[in-house]
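According to the numbering used here, the residues represented by the sequence shown are 4 to 493, in order. Working notes for the structure below.
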Amino acid sequence: MKNTHQLKSEKKIFVIVLLVMLVIVNAFTLFIAFSSAKTNIELVTSRVVDVINQDTQNNRSIASDLGAMLQLPDRLLNQNLGIDIKRLIGSLNETPGDREFPVWKADIDMLHRKKFTILRTFWRNFSNANKSRFTTYYTDGDTGYYYMFNGEKAVKIKGSNPHFRITGYIDTTSKMLKNNHGFVIPELFYSNVYEDAITHLPTITIGSPVVINNFSVQSSKMSGIIATDYTRPDLSGLFRDAFTQLNLQHAGYDIGVHSQKGNDVPMNIFPDNTSWLSFALGDIKLMNGFCLSARVHFTELLRIKLSGLIIANMVMLFFFLIFIRSHKRIESMMVKLTTDTLTQALSREGGKIVTDNISNGRNTILVTMDLNDFKVINDTWGHHAGDEALVFFANYLLQSVRQGDYLIRMGGDEFVLLLQHTTLEQARRLMDQRMAELRAFPFEDTSIPLSFSYGISEWQHDFTESFKKADENLYQMKKQRKQKNNESYA
């Protein structure tokens, strides 16, 4: 039979195991939520990349057509484009509202007017579905103007936007074209994250190279780039749309953009999203030149796997309640089995559990006791009075015991007191004092005389031997008491 110490130990072990399992289950659930969050960001990013790739593909098409057209004589240009190239580039138009003629400033040279006119015609022939809704333009980096597709106008370059300073990119790409005799597709132009001089917003630029090929002499050269700018609001709108399309909430994420070039200005896609606790999802590729640094909020992890967390914790709580209920039932049964219902001392069964677990090194003293003339009390005052005498006597003794001492009712009026970490002399003084102080117990409206005798012994490896010796000493004390009483009557 398990004792109360074993039950308490089992309870502690179960609670610890349950807490560990609770931590593991919740951590595993949050890890799954973390993986789901990263997958969500990757899916959202793929939607955004699709839009950017479509813009880039259209820009590549325009760049390729422009490179081919710039090699043609005016006659073939007019035939292919259905325009009068000389008429459109030769006159200054000071009326921006006139859609037939481009708006030229006097300082724009004829070559750039030609480029811009061809681009204007391309853009007008494009379907609206193929036109980027973001700022798209042509620049060759060596002129004071760039051509805006969206507004169909040449705009003077202002500020120090890095995509207008593409000399390094043009030189590198031109060298690559020369080394490969033109038989190579140049890489796209990628800016870093910079502050746009016009909008003053964090911006990235992706440009498609305009290459003029002359296969007859196996030479090619760079003319410029067809580029699209994406400001922070532009990218924020793309990401919001992607989140909406996937039925996800963007409020649980922090997304930043950085380039491979470095020297970036900060670009936080959702600057209003703040969290007291978030976890990094790592870098996620946006384009070849750009990456996302994404973080997920703790509250978003909870939301993603809220049902899983609730179910897991409810199951753990269910097992915990079942265990506590069973444990309390066992404890209650143990109390009933090990406690004497009348005196609240340990029962004989409870005493056996205690004595079976006594260590020999504790200096334990065993005291046996029984009430003097207990039969007289029962015969004179009734068994109810006898029960009251036993209850009073047990309570009287329990007032003397310390933590770690035990009072056991062996049966009838016979008790055993186990005193630990004490000596025979100390135990005798205690028992003599308790014996001397006991005179009577209250019963109804009177006091009934009450006394006891005791026998004492040191713990001798097992209960039977120790009890036998103490019982012999008890018998000697009772014998001496009878002799003393007989002498008094004589």
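Glycine is no exception: its CB is placed at the ideal position from the N, C-alpha and C atoms. Only a predicted model underlies this, so the values are computations on that prediction, with no experimental measurement involved.
{"Item": "Tell whether a beta-carbon distance below 7 Å holds between residue 401 and residue 455.", "Value": "no"}
{"Item": "If you scan the segment 73 to 145 from start to end, which runs of the alpha helix (DSSP H) of 4 or more residues do you find wholly inside it?", "Value": "77 to 84, 88 to 93 and 113 to 128"}
{"Item": "Can you tell which of 202, 178, 60 and 206 has the C-alpha that lies nearest to the C-alpha of residue 132?", "Value": "60"}
{"Item": "Does the structure place the segment 110 to 130 close enough to the segment 147 to 163 that three or more beta carbon pairs sit under 8 Å?", "Value": "yes"}
{"Item": "Would you say residue 200 and residue 161 are within 7 Å of each other, going by their C-beta atoms?", "Value": "yes"}
{"Item": "Under the rule that 16 or more other beta-carbon atoms within 10 Å means buried, what is residue 43, buried or exposed?", "Value": "buried"}
{"Item": "On the three-pair Cβ rule with 8 Å, is the segment 234 to 247 touching the segment 36 to 56?", "Value": "yes"}
{"Item": "Confirm, please, whether the CB-CB distance from residue 258 to residue 272 is below 7 Å.", "Value": "yes"}
{"Item": "Suppose only complete runs of 4+ residues qualify. What are the alpha helix (DSSP H) ranges in the segment 222 to 299, listed by chain order?", "Value": "235 to 248"}
{"Item": "Rounded to a whole number of angstroms, what is the C-alpha to C-alpha distance between residue 35 and residue 308?", "Value": "8 Å"}
{"Item": "For the segment 178 to 198 against the segment 261 to 271, do three or more pairs of beta-carbon atoms, one drawn from each stretch, fall closer than 8 Å, so that the two count as touching?", "Value": "yes"}
{"Item": "Nearest to residue 173 by CA position, among 30, 191, 472 and 89, is which residue?", "Value": "191"}
{"Item": "Could you compute how far the alpha carbon of residue 277 sits from the alpha carbon of residue 205?", "Value": "19 Å"}
{"Item": "Please return the same chain residues whose Cβ sits closer than 7 Å to the Cβ of residue 4, not counting the five positions on each side in sequence.", "Value": "Note on residue 4: pLDDT 42, under 50, position unreliable in the model; the coordinate value appears next. Around residue 4: 356."}
{"Item": "Check the C-beta distance from residue 353 over to residue 344 and give it rounded, since I have them as a contact under 8 Å.", "Value": "No, residue 353 and residue 344 are not in contact; Cβ-Cβ is about 11 Å, not under 8 Å."}
{"Item": "Buried or exposed: residue 220, going by 16 or more other Cβ atoms within 10 Å of its Cβ?", "Value": "Note that residue 220 has pLDDT 43, beneath the 50 cutoff, so the model's placement of it is unreliable and the number below is only indicative. Exposed, since its Cβ has fewer than 16 Cβ neighbours within 10 Å."}
{"Item": "DSSP state of residue 159, grouped into three classes?", "Value": "strand"}
{"Item": "In the DSSP output, what is residue 460 paired with across the bridge?", "Value": "369"}
{"Item": "Name, in chain order, the residues that DSSP records as bridge partners for residue 192.", "Value": "210"}
{"Item": "Per DSSP, which residues does residue 198 bridge with? Please list them.", "Value": "205"}
{"Item": "Would you mind giving the Cβ-Cβ distance between residue 255 and residue 300, rounded to the nearest angstrom? I have them listed as a contact below 8 Å.", "Value": "5 Å"}
{"Item": "Measure the C-alpha to C-alpha separation of residue 281 and residue 19 and round it to an integer number of angstroms.", "Value": "28 Å"}
{"Item": "For the beta strand (DSSP E) that contains residue 411, what are its first and last residues?", "Value": "409 to 414"}
{"Item": "Grab the span of the beta strand (DSSP E) containing residue 419 for me, first residue to last.", "Value": "417 to 422"}
{"Item": "Which residues in the same chain as residue 484 place their Cβ atom closer than 8 Å to its Cβ, once the five residues preceding and following it in sequence are excluded?", "Value": "375 and 456"}
{"Item": "By alpha-carbon positions, which one of 466, 79 and 238 ends up nearest to residue 2?", "Value": "For the chain, the structure presents residues 4 to 493; residue 2 sits outside this window and is missing."}
{"Item": "With distances taken Cα to Cα, identify the nearest neighbour of residue 446 among 56, 118, 414 and 393.", "Value": "393"}
{"Item": "What is the DSSP secondary structure of residue 382, counted as helix, strand or coil?", "Value": "helix"}
{"Item": "In its own chain, which residues sit with a C-beta less than 7 Å from the C-beta of residue 143, not counting the 5 before and 5 after it?", "Value": "226 and 227"}
{"Item": "Can you tell which of 332, 459 and 417 has the C-alpha that lies nearest to the C-alpha of residue 434?", "Value": "459"}
{"Item": "For residue 427, count the other beta carbons within 10 Å of its own beta carbon; 16 or more makes it buried, fewer makes it exposed. Which is it?", "Value": "exposed"}
{"Item": "Tell me where the alpha helix (DSSP H) around residue 301 begins and ends.", "Value": "301 to 307"}
{"Item": "In this structure, does DSSP put residue 314 in helix, strand or coil?", "Value": "helix"}
{"Item": "Are the beta-carbon atoms belonging to residue 177 and residue 224 less than 7 Å from one another?", "Value": "yes"}
{"Item": "Taking residue 452 as the reference, give the member of 476, 469, 406 and 391 with the closest Cα.", "Value": "391"}
{"Item": "Considering only their Cβ atoms, is the gap separating residue 77 from residue 92 smaller than 7 Å?", "Value": "no"}
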